[in-house]
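The structure under discussion appears below in the form of structure tokens.
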Amino acid sequence: MYKNKTIYLIDGSAYIYRAYHAIRELSNSKGLPTNAAFGFTKILLKLIEDRNPEYVGMFFDVKGPTFRHEMFDAYKANRPPMPEDLSIQIPYIRDITKGFNIPVVEMSGYEADDLIGTLARKAEDAGFSVIMVTGDKDFMQLVTKNSIIWDPMKEKTIDSDFIKDTYGLEPGQMVDVMGLSGDSAD
Numbered sequence: 017m018y019k020n021k022t023i024y025l026i027d028g029s030a031y032i033y034r035a036y037h038a039i040r041e042l043s044n045s046k047g048l049p050t051n052a053a054f055g056f057t058k059i060l061l062k063l064i065e066d067r068n069p070e071y072v073g074m075f076f077d078v079k080g081p082t083f084r085h086e087m088f089d090a091y092k093a094n095r096p097p098m099p100e101d102l103s104i105q106i107p108y109i110r111d112i113t114k115g116f117n118i119p120v121v122e123m124s125g126y127e128a129d130d131l132i133g134t135l136a137r138k139a140e141d142a143g144f145s146v147i148m149v150t151g152d153k154d155f156m157q158l159v160t161k162n163s164i165i166w167d168p169m170k171e172k173t174i175d176s177d178f179i180k181d182t183y184g185l186e187p188g189q190m191v192d193v194m195g196l197s198g199d200s201a202d
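Going by this note's numbering, the sequence shown opens with residue 17, and the numbers climb by one from there.
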């Protein structure tokens with residue numbers, strides 16, 4: 017990896033869901049659910065305390081169809097809608113992110129994953145080391161010599177050597193393996 021500049025690209029949508037499912041039945045004095053916002057904030061604080069990133073971006077999915085839905089009608093068709101007690105926390109989570117002075121990146125028609133993948137390549141081209149902060153194994157296909165995955169909740173780093181040693185594959189081959197074997201999470 018490059019030594020001079022490192023950018024952290026955070027899969028905010030993945031961590032919202034992770035926090036929501038990890039912490040149940042938490043609300044404020046007015047009854048507003050806060051479990052996802054609380055857990056998300058803890059994850060964000062851990063990142064800041066552990067890594068103190070100079071360059072960072074938070075990526076969120078936007079409600080609505082993506083370009084993949086236009087290509088394939090059944091894309092994520094079996095996925096249940098976002099629970100209401102989670103969806104009402106999303107604006108607060110965006111505000112929390114902005115309160116930390118972290119840029120929020122989101123775009124209609126694209127998932128956070130797509131935006132992270134694009135920015136990871138552009139950041140690499142600009143001379144950055146890239147750390148994709150996520151627990152989503154779909155990101156393994158994006159790992160390169162200068163782009164790695166870090167999951168702060170599991171304290172796990174995935175680089176190209178990890179993928180080669182664990183799966184016997186180059187990172188770019190992971191998309192084919194996952195596509196052929198299927199993924200119940202997707």
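Every residue gets a Cβ at the ideal spot worked out from N, C-alpha and C, and that includes glycine.
All figures in this text were calculated on a predicted structure; none of them were measured in a lab.
Taking all protein chains shown into account, do 16 or more other C-beta atoms lie within 10 angstroms of the C-beta of residue i, making it buried, or fewer, making it exposed?
i      : result
Thr173 : exposed
Leu61  : exposed
Ser29  : buried
Val193 : exposed
Ser43  : exposed
Pro187 : buried
Val72  : buried
Ala139 : buried
Val191 : exposed
Thr182 : exposed
Asn20  : exposed
Ala142 : exposed
What residues are listed by DSSP as bridge partners for residue i?
i      : result
Pro107 : DSSP lists no partner for Pro107.
Ile23  : Tyr71, Val146
Lys172 : Asp167
Ser43  : Pro49
Val121 : Phe75
Assuming residue i and residue j are in contact, meaning their beta carbons sit under 8 Å apart, how far apart are those beta carbons, in whole angstroms?
i      : j      : result
Tyr24  : Ile147 : 5 Å
Asn51  : Ile39  : 4 Å
Pro119 : Met156 : About 25 Å; that fails the 8 Å criterion.
Gln105 : Pro168 : With a Cβ gap of about 20 Å, Gln105 and Pro168 do not count as contacting.
Asp16  : Asp152 : For residue 16 there is no data in the structure shown, the boundaries of the chain being 17 and 202.
Ile132 : Asp27  : 6 Å
Tyr108 : Ala53  : 5 Å
Glu122 : Phe76  : 4 Å
Tyr150 : Ile165 : For the record, residue 150 in the displayed sequence is Thr; it is not Tyr. That belief holds up - the Cβ atoms of Thr150 and Ile165 are roughly 6 Å apart, short of 8 Å.
Thr22  : Phe144 : 6 Å
Tyr36  : Leu102 : 5 Å
Should residue i be flagged as near chain D, meaning a C-beta pair shorter than 8 Å?
i     : result
Ala30 : Absent from the structure: chain D. Only one protein chain is present.
Hey, would you say the C-beta of residue i is under 7 Å away from at least one heavy atom of the ligand GTP?
i      : result
Asp141 : The model on display carries no ligand, and the ligand GTP is accordingly not part of it.
Practice prompt. Report yes or no: do three or more beta-carbon pairs, one from the stretch 156-170 and one from the stretch 102-115, lie closer than 8 Å?
Written response: no
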